[in-house]
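Visitor: Note that the working numbering has the sequence shown beginning at 15, numbered continuously upward.
Yeah, the Cβ is synthetic: ideal placement off N, Cα and C, and Gly gets one too.
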Amino acid sequence: MPRTLREVVFVDGVRTPFGKAGSMYAETRADDLVINCIRELLRRHPELPADRVDEVAIAATTQIGDQGLTIGRTAALLAGLPRSVPGYAIDRMCAGAMTAVTSVSSGIAFGAYDVAIAGGVEHMGHHPMGEGIDPNPRIVAEKLVDPSALIMGSTAENLHDRFPEITKGRADAFAVLSQQRAAQAYADGVIQPMLVPVAARSVEHGWGLATADEPPRPGTTLEGLAALKTPFRPHGRVTAGNAAGLNDGATACLVAAEDVAAELGLPTAMRLVSYGFAGVDPEVMGVGPVPATEKALRSAGLDIGDIGAYEINEAFAVQVLAFLDHFKIAEDDPRVNPYGGAIAFGHPLASSGVRLMTQLARTFRDHPEIRYGITTMCVGLGMGGTVIWENPNHTDAEAAR
Ligand SMILES: CC(C)(COP(=O)(O)OP(=O)(O)OC[C@H]1O[C@@H](n2cnc3c(N)ncnc32)[C@H](O)[C@@H]1OP(=O)(O)O)[C@@H](O)C(=O)NCCC(=O)NCCS
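1. Do Met-138 and Leu-56 have their C-beta atoms within less than 8 Å of each other?
2. Of all the options Gly-238, Leu-268 and Asp-148, which has the alpha carbon lying nearest to the alpha carbon of Asn-256?
3. Examine ligand 1 and report whether any of its heavy atoms sits within less than 7 Å of the Cβ of Ala-257.
4. How far does the alpha helix (DSSP H) with Leu-268 in it extend, from its first residue to its last?
5. Determine the DSSP secondary structure at Lys-342, reduced to helix, strand or coil.
6. Report the residue ranges of all beta strand (DSSP E) runs contained in full by the segment 202–252; include only those spanning at least 3 residues, in chain order.
7. One question on the structure: do Ala-323 and Gly-387 come within less than 8 Å of each other, judged by their Cβ atoms?
8. Assuming Ser-119 and Val-217 make a contact with CB atoms under 8 Å, what is their CB distance in whole Å?
9. At what residues does the alpha helix (DSSP H) containing Ala-64 begin and finish?
10. Measuring only the C-alpha atoms, how far is Ile-180 from Met-284?
11. Note down, in chain order, each residue of its chain lying with its Cβ closer than 8 Å to the Cβ of Val-99, except the 5 sequence neighbours on either side.
12. Can you list, in chain order, the residues of its chain whose CB lies under 6 Å from that of Gln-373, leaving out five sequence neighbours each side?
13. Round the Cβ separation of Val-48 and Met-208 to the nearest angstrom and send it over; I've been treating them as touching at under 8 Å.
14. With a 10 Å radius around its C-beta and 16 neighbouring C-beta atoms as the bar for buried, classify Ala-155 as buried or exposed.
15. Can you tell me where the beta strand (DSSP E) with Leu-286 in it begins and where it stops?
16. With H, G and I counted as helix, E and B as strand and the rest as coil, what does DSSP make of Lys-182?
17. When every heavy atom of ligand 1 is checked, does at least one fall within less than 7 Å of the C-beta of Arg-231?
18. When you measure from the CB of Cys-392 to every non-hydrogen atom of ligand 1, does any distance come out below 7 Å?
19. Check whether the Cβ atoms of Val-301 and Leu-158 sit closer than 8 Å, and answer yes or no.
20. If you count every other CB in all the chains shown that lies within 10 Å of the CB of Met-38, and 16 or more means buried, which is it?
21. Which class does His-174 belong to by DSSP, given the choice of helix, strand or coil?
22. Between the C-alpha atoms of Thr-282 and Arg-379, what's the straight-line distance to the nearest angstrom?
23. Once DSSP output is grouped into helix, strand and coil, what is the label at Asp-128?
24. With 16 other CB atoms within 10 Å as the buried threshold, where does Arg-97 fall?
25. Rounding to the nearest angstrom, what Cα-Cα distance links Val-212 and Gly-86 in this structure?
26. Using a 10 Å radius around the Cβ and a threshold of 16 neighbouring Cβ atoms, would you call Ala-73 buried or exposed?
27. Measuring only the C-alpha atoms, how far is Ser-288 from Thr-116?
28. In three-state DSSP terms, what is Val-304?
29. With a cut-off of 8 Å on the beta carbons, I'd call Gly-33 and Ala-224 a contact; round off their distance for me.
30. When the distance is taken between beta carbons, is Thr-377 closer than 8 Å to Pro-303?
31. By Cβ distance below 8 Å, which residues in the same chain neighbour Pro-161 in space, the five residues on each side in sequence not counted?
32. Going by the C-beta, is Thr-18 closer than 7 Å to any heavy atom of ligand 1?
33. Excluding five sequence neighbours on each side, which residues of the same chain lie with their C-beta closer than 7 Å to the C-beta of Ser-366?
34. Quick check on DSSP: helix, strand or coil for Val-23?
35. Roughly how many angstroms lie between the CA atoms of Asp-320 and Ala-314, to the nearest whole one?
36. Along the chain, where does the beta strand (DSSP E) containing Glu-404 start, and where does it finish?
If you want it as structure tokens, here you go:
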């Protein structure tokens, strides 16, 4: 049977405010966080009949407890989607939600789905990194990877070793910039529309409403960062200030076939161009975005010079700087994370990919002069993922339709 690939569009994305691990969401279930996001997407898009959703792919790194039981399916049921809507759980650690998006998008392009929901959740308070894992002893015994590869902060220290020109001073300066940009984005009202308020319960404080991210530290200074401990290595360079923290939060987005979005009257925030995932040495997992981006560019027939906006997940400042150095982009380039990144907002692992996309969609809305943008992130055990998007508001993109 001859097949025609279909164009895929990102319709809309939302997220919960991110919390510090086990803080404002200490007594909130992880699945409820992502259910809130799905409900909000349906509320914002009454033009989408719920039974037109063909798939719900939800990522979590730790798939047990309140993140277990095939969370895509349980979240779909609990969000009030018809029982006819299927769902599944997905895991690629930090790139979980990104992989959820690329997976359902591929299904849309193939013709298996018209409309899908993709997202992710990580409650690192309920599920600390590494909970319940039982790594095969061969991984270390046979020296398949160095033991440091299993501790993300140590991989960031290794990256500083590999690129000594990326000093702690540069990492700290990048962290200050991230905090300043996040504070500015809040002041400009850029972040608030992306957030779904969450009713959060606390035995101590009663019911409250989470309406803003908890981790940002707008008062961050270079002097303050210089004084912090380096928990992953004595006299190291990675600190709580130039790394993303441990966080709780969830994201979700709507993706659709472009023709179906038009039929239903759904908006088009971004058009999917290409994506790439790549493996690197697990000891320096932070360089993953470099080959992933090269792959995605190659498959799109684009060059890094064609990219006008970047959303790079800031797991660690050193890892963003390694990417920027590789592509010869200045570390304070206004095209890079213009609204701040994970160092300020936090990084609830499997959820973050859709936060990047939601922020890029906002950049596209505000900057019709930008045609292509990238969302990219590093992934534990030595991987990177990159998705390239086209701005439908760009005049050339419009003409090419
Ligand atoms: C780095 C890490 C170990 C820090 O954890 P933590 O010690 O619980 O972090 P805290 O928030 O308590 O911060 C530690 C200290 O730094 C201070 N601090 C943090 N950010 C700061 C900032 N921007 N400016 C000034 N001080 C700051 C805190 O106030 C705290 O000070 P205190 O010890 O006097 O209370 C943890 O955030 C981590 O593991 N991050 C990486 C997560 C990760 O690997 N993700 C996956 C990526 S692939």
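Guide: The structure says:
1. no
2. Gly-238
3. yes
4. Looking at the DSSP string, Leu-268 is not in any alpha helix (DSSP H); the run it does join, the beta strand (DSSP E), is 261–271.
5. coil
6. 212–216 and 220–224
7. The answer is yes: Cβ separation under 8 Å.
8. So it is not a contact: roughly 41 Å between Cβ atoms.
9. Note, Ala-64: premise wrong, no alpha helix (DSSP H); not H, not E.
10. 33 Å
11. Ala-64, Asp-65, Val-67, Asp-68, Glu-69, Val-70 and Ala-90
12. Glu-325 and Tyr-353
13. The pair is not a contact, with the Cβ atoms about 15 Å apart (cut-off 8 Å).
14. exposed
15. Following the DSSP letters along the chain, one finds Leu-286 inside the beta strand (DSSP E) bounded by residues 284–293.
16. helix
17. yes
18. yes
19. Contact: no.
20. buried
21. Three-state DSSP puts His-174 in a helix.
22. The straight-line gap from Cα to Cα measures roughly 10 Å.
23. coil
24. exposed
25. 19 Å
26. buried
27. 9 Å
28. Looking at Val-304 - three-state DSSP - the assignment turns out to be helix.
29. 7 Å
30. No, these two residues do not count as a Cβ contact at 8 Å.
31. Val-154
32. No, since every heavy atom of ligand 1 falls outside the 7 Å radius drawn around the Cβ of Thr-18.
33. Cys-108, Ala-111, Asn-327, Ala-356 and Met-391
34. strand
35. 11 Å
36. 397–404
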